[in-house]
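Undergrad:
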Amino acid sequence: MAEQKQRKKVTLVVFSGELDKVLASFIVATSAAAMGMDVTMFFTFWGLNAVKKNEGLLRGPGVMRKMLNLLNRGGSKRLKLSKFHMFGLGTRMMKRLMKESGTPTVDEMITLAKKLGVKMIACTTSLGVMGLSRDDFREEVDTLAGAVAYLDEAQDAEVNLFI
Amino acid sequence: MAEQKQRKKVTLVVFSGELDKVLASFIVATSAAAMGMDVTMFFTFWGLNAVKKNEGLLRGPGVMRKMLNLLNRGGSKRLKLSKFHMFGLGTRMMKRLMKESGTPTVDEMITLAKKLGVKMIACTTSLGVMGLSRDDFREEVDTLAGAVAYLDEAQDAEVNLFI
Amino acid sequence: MAEQKQRKKVTLVVFSGELDKVLASFIVATSAAAMGMDVTMFFTFWGLNAVKKNEGLLRGPGVMRKMLNLLNRGGSKRLKLSKFHMFGLGTRMMKRLMKESGTPTVDEMITLAKKLGVKMIACTTSLGVMGLSRDDFREEVDTLAGAVAYLDEAQDAEVNLFI
């Protein structure tokens with residue numbers, strides 16, 4: 064029990080699908096995992112875009128869901144900055160600056176997170192509304208679950224963030 | 064004392080007034096309350112819009128406050144998506160998708176939260192700046208209070224989120 | 064040990080550089096410090112703008128960084144509202160309303176936070192990407208550090224928020 068308490072726990076709700084916030088989430092997640100903490104990332108709403116497959120396109124039953132999922136395609140390579148996106152120019156510039164300064168891409172961070180044992184969960188409620196299923200997500204996603212599963216983890220975590 | 068510790072606590076700062084973030088707040092709040100946790104929602108800044116009366120309009124002393132409160136009318140039925148609002152079209156579509164998949168509306172969630180004993184607090188600092196008073200808010204709001212009251216709750220909570 | 068536990072701890076990640084969110088951060092930080100808690104603010108990404116010098120302008124090596132830092136000049140006096148900025152009109156109106164209701168400016172809050180012993184840290188990862196250095200920041204910033212230093216603090220904090 065005392066030993067168990069040594070292992071601290073971090074739980075992140077990744078609500079936002081913007082490049083900068085997704086990066087911040089993975090920087091916290093991978094740093095914490097590298098420090099020996101238990102990390103769970105709970106992707107919900109727009110945050111699901113970070114762990115969608117890059118090759119997906121038209122998803123979900125019905126015209127409205129297809130429109131939504133076309134507008135909101137997602138995939139780690141399509142994330143945009145929350146500021147200065149400027150029709151793609153700002154986002155592209157930021158990616159170049161990140162590369163120059165040796166910051167990993169979102170894709171590399173997902174791979175690293177997986178290697179470090181970060182648990183990735185996609186939110187079932189959002190999936191239901193958007194008409195998405197397990198197949199729309201990368202294989203690094205461990206499981207689908209709802210708010211109860213999230214709270215079950217969060218109540219024992221030392222660090223809880225909503226990003 | 065030991066028994067008291069069984070009852071976990073969740074405290075949410077609802078800063079954002081966007082439909083998607085308000086929904087996320089209430090999903091966490093009602094799920095936690097249904098699991099037997101003590102939940103406090105602290106509405107501040109734009110988040111106050113979620114618990115304003117739907118029928119309100121011109122509020123506050125002075126022209127500037129009236130303009131601000133006209134622009135920022137709020138009420139659970141006027142909340143907009145943070146993305147793809149598209150002059151109301153996107154927000155309307157999302158509400159239809161939510162209905163189809165059985166997700167409650169914000170109004171239904173506020174009623175449910177109240178029934179489950181979720182405590183709702185409106186932030187006095189924001190009220191002062193915006194020139195609002197108790198009357199501008201729904202009856203489900205339990206009390207008005209400031210940052211000190213929030214921190215008093217938050218310091219004992221297992222889960223603290225800023226949404 | 065028991066006495067140490069009396070002193071509660073608050074750790075804030077200030078990710079957003081918008082006036083309203085920066086204000087919310089400082090209201091929580093200064094209130095907590097006034098209540099006798101240990102407070103650390105970790106400024107990262109756009110949040111760095113809150114603690115940049117007001118007189119800065121062209122920064123960083125290379126054309127792209129200069130462009131980014133021109134667009135994203137920052138400084139406590141240049142922060143904009145996340146909503147209703149309206150080419151400066153909304154932000155100016157909000158500042159007037161804040162003044163009327165006796166709310167301190169960001170500048171006054173930084174001074175107050177410093178006096179109350181709030182620790183302010185600027186994130187090295189963001190600095191690296193943006194090509195900024197210690198000189199670009201106000202003297203109130205205590206130190207530069209990365210995600211590991213943040214997590215080291217956060218894991219012992221009672222209240223952790225990502226703003």
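Chains as they are written, first to last, in this note's numbering: chain Y, 64 to 226; chain R, 64 to 226; chain C, 64 to 226. From the three backbone atoms N, C-alpha and C, an ideal C-beta is built for every residue, glycine too. This structure is a prediction, so every number in the text was calculated from the model and none was measured.
Measure from the alpha carbon of S79 of chain R to the alpha carbon of each residue in C:Q218, C:F78, C:K84, then state which is nearest.
TA: Per the Cα distances, C:K84.
Undergrad: Please confirm if A220 of chain R has its CB atom under 9 Å from at least one CB of chain C.
TA: Cβ-Cβ to chain C under 9 Å: yes for A220 of chain R.
Undergrad: Listed from N- to C-terminal order along the chain, which residues in the segment 155-188 of chain C have their beta-carbon within a distance smaller than 9 Å of any beta-carbon of chain R?
TA: Listed by position, the residues of the segment 155-188 of chain C near chain R (Cβ gap below 9 Å) are M156, M157, R159, L160, M161, E163, S164, G165, T166.
Undergrad: In terms of residue numbering, what span does the alpha helix (DSSP H) encompassing A113 of chain R cover?
TA: No alpha helix (DSSP H) holds A113 of chain R; DSSP gives it neither H nor E.
Undergrad: Sorted by chain position, which residues of the same chain lie with C-beta nearer than 7 Å to A185 of chain Y's C-beta, five sequence neighbours on each side aside?
TA: Taken in chain order, the residues that qualify are F106, L111, V114, F200, V204, L207.
Undergrad: Using three-state DSSP, classify A95 of chain C as helix, strand or coil.
TA: Residue state, collapsed to three classes: helix.
Undergrad: Going by CA-CA distance only, name the one from Y:T187, Y:G123, Y:K71 that's closest to M100 of chain Y.
TA: Per the Cα distances, Y:K71.
Undergrad: Tell me the start and end of each unbroken alpha helix (DSSP H) in the segment 132-169 of chain Y that is at least 4 residues and wholly inside, in chain order.
TA: Entirely contained in the segment 132-169 of chain Y, the alpha helix (DSSP H) runs reaching 4 residues are, in chain order, 152-163.
Undergrad: Give me whichever residues DSSP pairs with T74 of chain C in a beta bridge.
TA: The partner list for T74 of chain C (beta bridge, DSSP) reads C:T103, C:N223.
Undergrad: Please work out which residues of its chain come closer than 8 Å, Cβ to Cβ, to T188 of chain Y, disregarding the five sequence neighbours upstream and downstream, and give them in chain order.
TA: Here the set comprises T107, G209, A210.
Undergrad: Are the CB atoms of M161 of chain Y and L131 of chain C within a distance shorter than 9 Å?
TA: Going by C-beta atoms, L131 of chain C is not nearer than 9 Å to M161 of chain Y.
Undergrad: Mind listing the chain C neighbours of G191 of chain R? Cutoff is C-beta to C-beta under 7 Å, in chain order.
TA: Chain C residues near G191 of chain R: S164.
Undergrad: With 9 Å as the C-beta to C-beta threshold (strictly closer), list the residues of the segment 196-211 of chain Y near chain R in chain order.
TA: Listed in sequence order: G209, A210, V211.
Undergrad: Please state whether the Cβ-Cβ distance between Y213 of chain R and S94 of chain C is less than 9 Å.
TA: Contact: yes.
Undergrad: Let me know the secondary structure DSSP gives A65 of chain Y once reduced to three states.
TA: Any answer about A65 of chain Y is weak, because its pLDDT of 48 lies below 50 and its placement is not dependable; what the coordinates show is given next. Looking at A65 of chain Y - three-state DSSP - the assignment turns out to be helix.
Undergrad: Considering L207 of chain Y, what are the terminal residues of the beta strand (DSSP E) in which it resides?
TA: Looking at the DSSP string, the run of the beta strand (DSSP E) that includes L207 of chain Y is 206-208.
Undergrad: Are S88 of chain C and G191 of chain R touching if we call contact CB-CB under 9 Å?
TA: No.
Undergrad: Along chain Y, in chain order, which residues have C-beta atoms closer than 9 Å to that of D101 of chain R?
TA: The contacting residues do not exist; D101 of chain R stays about 11 Å from chain Y at best.
Undergrad: What do you get for G180 of chain C, buried or exposed, if any count of 16 or more other CB atoms within 10 angstroms of its CB means buried?
TA: The residue in question, G180 of chain C, is exposed, as its Cβ has fewer than 16 Cβ neighbours within 10 Å.
Undergrad: Ignore the nearest five residues each way along the sequence and tell me which others in I173 of chain C's own chain have a CB closer than 6 Å to its CB.
TA: Counting only Cβ-Cβ distances below 6 Å, and skipping sequence neighbours, we find E203.
Undergrad: For I236 of chain Y, which beta-bridge partners are listed by DSSP?
TA: There is simply no residue 236 of chain Y to check, as chain Y begins at 64 and stops at 226 in what is shown.
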